[in-house]
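Before any comments, here is the structure.
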Amino acid sequence: MQKITQSLLSLFLLPSASFAKDAPNFIIIYMDDLGWHQTSVRMMDSEPMSKHSFYETPNVERLAEMGMRFSNGYAPTATCTGSRVSIQFGQTSARTQYRYVFDVYHEKQRPEGYAGQYSLADAVKTAGKNYVAAHFGKGMTEKLKLVNYDVTDEYEKYAPNGNLHGEKIDIPSRRDLPPNNPKRIYSLIDESMRFLKENAGKRPFFMMVSHYSVHVPHAASQKYVDKWQAKYDALEKPKDKEALRLFERECKPLYGAMLEETDQHVGILLDYLKQVDELDDTYFIFTSDNGSECIPITRENRRYNGPLQEGKYSCFEGGIRVPFVVSGPGIRGGSYCDVPVVQWDLLATLHDLSGNRTPLPGDIDGGSLRDVLFNGNKGKVRRGAPGIIHHFPSHYQVPVSAIRIGDYKFMRNMNTDEKKLFNVAEDYREEYDLAQKMPKKVASMDKILRNYIAEVDGGDVRDSYRAFYETMDDFEGRAEDAHKRKMKELDETRPADYADQKAMIDQELELKKRSFNANRAITKRQETWPGWYDTARKTVEAEIGMTKGGKLIEKK
């Protein structure tokens, strides 16, 4: 009897990972601009607004019932490119030195790029278990094959997906995508399924699929558009004009159509893995590169993402807290976890769960999620970084440097040096600034954050401003050189319509110069822009009478 009891006890105490095979598979579905509350999965058990009341993602629901959803799941940055670089290398965006979209200072710091850097693909391929790694869809600044991926669909002459925003077939022709492949959803399905059919059950694999949806411009197949328009039309609309405006902002038929059409990819992959008996041996991760991009409701009520404040481009929770669902061997189905996790933890996680015994590079910031995946809120994450860091020294948005340590999140406005402190474990709406009440914690977290940024040469917003002006000067010099070449060719040929062609060439240069000057003026004002919200762009455009693209604004 004692032996039986001990045997049963040992079974229950057996580490959860032992239920997985020696070399499990990994799939990451990476969405573009999908907000924390925009799926039909409740991301936080206690928060009804952490799921959407209109949009439907039945296959993400299915995934959540199979695994764990994280209420405190973070993207690496508040914009896409920085997140896509960070997740690949298991490092904060400060360390990768790509902190936001169009990071002009990055070009000064990293002219050599990331070729050869240790990546998600390396995390499994160095395990010595014959892993094959693939990436399909929207990439980053570097071709993924340069960081050890075996299979990609990156831009080549006839590539089905490329490395663009998903609106054109390729760069040279600028041809639009066919209507039967909105946002490249179906070519991504085809490429990922081809990879699975070639590898699932034959060798362990890691596959990352980076969707172009739900990034603007929104698009979907007609049958989905019709379905969602009918659903929207059947809803009872508010009578009040302002309430109707907010209702229309939250319930967009085209957005719902695009999201559901993308969601089917999750179901197709799950069905196939089950069919070939690989589902129980596959870790499946669903998340997004940043919060959703939305217009503000009002200046006072800035809830872009359900209960969360702000959205894309912001270091408030709405810009960085994202859907985060993980299923796989050893993970309890239908479970919730409130432990803060961040996407640059995934490299260390794949390294750990693949059974990789080779040491990780010393500059990895993330930590393995094994303990929290198997033990939920009782688990811990041990990271190289001192906290979850969001360093966003943008030259065109509000520049913020932030760190979360435990329950607390510290934020510093890099323009004004104003500081905020929130207990985001309780106050995830960020309504109660504790900076004045807890000055010692503010000073401590500020010091930890500044020391880390200095250690990794993460840069300051002043570096970004300076790099931007240098970039504008460079662009203007190139435009003037191009103008000289065109005029020289025109003078040599002296065509019959010489005067007309000269006027067009001169006008082209004038428009470019106006654009450069408008951008300089906007950025100059942005350097001293006060507060935590909005930017200088619209104000300066109105003052100078032109857009940042150089187009004159007609006065009414």
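Using the working numbering, you'd call the opening residue of the sequence shown number 4 and step up by one each time. Yeah, the Cβ is synthetic: ideal placement off N, Cα and C, and Gly gets one too. Since the model is a prediction, treat every value here as computed from it, not as a measurement.
- The C-alpha of alanine 470 lies about 41 angstroms from the C-alpha of tyrosine 58.
- For cysteine 340, the three-state secondary structure derived from DSSP is strand.
- In this structure, DSSP gives glutamine 41 a state outside helix and strand, which the three-state scheme calls coil.
- As DSSP reads the structure, serine 291 sits in a beta bridge with Met34.
- Assignment of isoleucine 367 by DSSP, reduced to helix, strand and coil, places it in the coil class.
- With contacts defined by Cβ atoms closer than 7 angstroms, asparagine 28 and threonine 285 form a contacting pair.
- Note that the C-beta distance between glycine 462 and glycine 93 is not below 7 angstroms.
- Alanine 136 is bridged by DSSP to Phe209.
- About 18 angstroms separates the beta carbons of valine 445 and glutamate 320, which is beyond the 8 angstroms limit, so they are not a contact pair.
- Taking 3 residues as the shortest admissible run, the segment 399 to 468 contains the following complete beta strand (DSSP E) segments, listed from N- to C-terminal end: 403 to 408, 411 to 416, 422 to 426.
- No residue range can be given for methionine 549, since it is assigned to no alpha helix (DSSP H) and is classified by DSSP as neither H nor E.
- Spatial neighbours of alanine 260 in its own chain (CB-CB distance under 6 angstroms, excluding positions within 5 residues in sequence) are listed in chain order as Ala223, Tyr227, Val228, Trp231.
- The segment 397 to 409 and the segment 94 to 109 touch, with no fewer than 3 CB-CB distances between them shorter than 8 angstroms.
- Tyrosine 455 counts as buried, since no fewer than 16 other beta carbons sit within 10 angstroms of its beta carbon.
- Ranking Pro396, Ser357, Asn62, Ala506 by CA distance to the CA of glutamine 529 puts Pro396 first.
- Phe478 is the residue among Ser53, Pro185, Phe478, Asn293 whose C-alpha sits nearest the C-alpha of lysine 516.
- Apart from sequence neighbours up to five positions away, the residues of its chain that approach methionine 417 with a beta-carbon distance below 7 angstroms are Pro396, Pro402, Val403, Ser404, Asp463, Val464, ordered along the chain.
- Between methionine 143 and valine 88, the CB-CB gap stays under 7 angstroms.
- For isoleucine 391, the beta-bridge partners assigned by DSSP are Arg407.
- Beta bridge pairing from DSSP links phenylalanine 73 with Cys340.
- Within the same chain, and ignoring the five residues on either side of phenylalanine 327 in sequence, the residues whose Cβ sits closer than 6 angstroms to its Cβ are Phe73, Gly76, Thr290.
- Less than 7 angstroms divides the Cβ of asparagine 293 from the Cβ of lysine 315.
- The segment 109 to 120 makes no contact with the segment 187 to 204, as fewer than three CB pairs between them are under 8 angstroms.
- Where valine 328 is concerned, the enclosing beta strand (DSSP E) starts and stops at 327 to 330.
- Counting of Cβ neighbours within 10 angstroms places glutamate 194 among the buried residues, the total reaching 16 or more.
- Exposed is the label assigned to methionine 507, since fewer than 16 other Cβ atoms lie within 10 Å of its Cβ.
- A direct Cα-to-Cα measurement between isoleucine 90 and aspartate 25 gives close to 24 angstroms.
- Residues of the same chain with a CB within less than 7 angstroms of the CB of glutamate 64, apart from the 5 flanking positions on each side, are Ser43, Val44 in chain order.
- Note that the C-beta distance between histidine 40 and asparagine 378 is not below 7 angstroms.
- The DSSP-derived three-state label of tyrosine 108 is helix.
- Leucine 262 is positioned such that its CB atom lies no closer than 7 angstroms to that of histidine 221.
- Apart from the 5 residues on each side of it in sequence, leucine 247 sits with its Cβ closer than 8 angstroms to the Cβ of Lys240, Pro241 in its chain, given in chain order.
- Between isoleucine 392 and threonine 80, the CB-CB gap reaches or exceeds 7 angstroms.
- In this chain, the alpha helix (DSSP H) harbouring glycine 270 covers 256 to 278.
- Note on valine 217: 16 or more other CB atoms within 10 angstroms of its CB, so buried under the neighbour-count rule.
- Taking the C-beta atoms as reference points, tyrosine 108 is found no nearer than 7 angstroms to aspartate 366.
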